[in-house]
Each structure stands twice: as structure tokens, then as C-alpha cells.
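If you count by mature numbering (1 follows the signal peptide of the UniProt record, and there is no 0), then the sequence shown holds residues -25 to -1, 1 to 139, one letter each, in order.
Virtual Cβ for every residue (Gly too), placed ideally from N, Cα, C.
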Amino acid sequence: MSGTRLQKHASFMLALFYFFKLGNGIVNCSCHQELNKDGYPLPMYFNYNMNIKFLFDYFQAETMNEFIFYNVLCVLLGFISIYIKIIKKGVTKIEKKTELKENLLNLNKMCAYWRFNYTLLTFLNYTIDYLLMLIVMTFNVYIFLSTMFGVSIAYLFLGHKVMK
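Encoded structure:
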């Protein structure tokens, strides 16, 4: 790299550090302003606190009803995640069967339709899985158990379709 190019990159990095106020190595604009018992900005242990931030600041569980609603939502998201995986597996089976039966002229149009459906299902599946990962990273015992319960119930009722 040339000297001026390196200077531009360095000034950009300094601007980022200034923007995020990263002077002492700790990000000060975290949603968890208080430090945990180890001195870090995020909790790294499971807790039983019912006053949690659920993904975003404006989804804060302040009452017991809101907390129960978020737990039910975790159960549903876990179930939907597995259900979408089963649907994706079914779409690939249908695609293989119909490809053999269709003629060559209609095949490209059908394949594009199935690929679009598969892409949409994959996007939805990864979105829900990453949301569940972020939700579980609140390190709340009840939220974690709700998520695991939803995934377990989905495998209990729909697991035989996954194994085929």
C-alpha cells in the first residue's frame, strides 16, 4: 500500500473508533450500559431475571404478561424453524419428482419457480435461526428453555418427516 492510501485507511479507522467511543477498548454504545459482575458489558452467565430486553430496546419485558408472551413467542419460533426445514426438504423431493416427469421446454420455468421457493424458505429459515440465536444469547434460563421446548416439540411431532 502506498503511504497516502495507508493514511486514508488509518484516518478512517480512527474516525470509527471516535464514533463508537472505543478509547479504552470497551464499546460504550452497547444496549447493556451496566457492567456485569466480571466487569464486561454483556452478561456471560445464565440468570433468572424476568426484566429482559428481547432483541431490541423497545421489546423490554417489564411485566409478567410480557415475559410470558416472549416465552410463548420463543416456543413458536423454535417450532416454526424446524417446520420450515421440513418444508424445504419436501420442496427438494417434489422438485426431483417433477423434473423427471416434465418435458424439456417446461423444465427451466419449473426449476426457476422451485429455486425461488427454496431460496425464500432458506432466507426465512436462516432469519429465524439467527433470531433464535440472538434471543438465547440474552442468557435467560426461561427464554433458553422455551426455545429448546419449541424445537423439541417440533421434532417430536414432525421428526419422522425429517428422518425419511
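Can you round the beta-carbon distance between residue i and residue j to whole angstroms, since I take them to be within the 8 Å contact cut?
{"i": "N100", "j": "K63", "result": "7 Å"}
{"i": "F54", "j": "I103", "result": "Contact flag wrong, Cβ pair sits at about 10 Å."}
{"i": "I59", "j": "L96", "result": "6 Å"}
{"i": "F91", "j": "F21", "result": "Not quite, the Cβ-Cβ distance comes to about 41 Å (not below 8 Å), so this is no contact."}
Just to confirm my understanding: we take residue i, look at its own chain, exclude 5 residues before and 5 after, and list those with CB closer than 6 Å. What are they?
{"i": "L(-4)", "result": "Only weak support is given to the placement of L(-4): the predicted model assigns it a pLDDT of 45, under 50, and the value that follows is read from those uncertain coordinates. Taken in chain order, the list of residues that qualify is empty."}
{"i": "M25", "result": "F42"}
{"i": "A87", "result": "none"}
{"i": "V111", "result": "F119, T122"}
Tell me which residues share the same chain as residue i and place their Cβ nearer than 7 Å to its Cβ, disregarding the 5 neighbours each side in the sequence.
{"i": "G125", "result": "C49, V50, L51, L52, G53, F54"}
{"i": "L107", "result": "L52, G53, S56, T122"}
{"i": "Y23", "result": "V116"}
{"i": "L109", "result": "L30"}
Buried or exposed, going by whether 16 or more other CB atoms sit within 10 Å of the CB of residue i?
{"i": "N46", "result": "buried"}
{"i": "Y117", "result": "buried"}
{"i": "F29", "result": "buried"}
{"i": "I1", "result": "Here I1 scores only 47 on pLDDT, less than 50, and its place in the model should not be relied on; the value that follows carries that caveat. I1 is exposed by the Cβ-count criterion."}
Considering only residues of the same chain and omitting the five flanking positions on each side of residue i, which have a CB-CB separation below 8 Å?
{"i": "I27", "result": "Q35, A36, F42, Y45, T113, N115, I118"}
Check: If we count Cβ pairs, one from each stretch, closer than 8 Å, do we get three or more for the stretch 33 to 49 versus the stretch 128 to 138?
Finding: no
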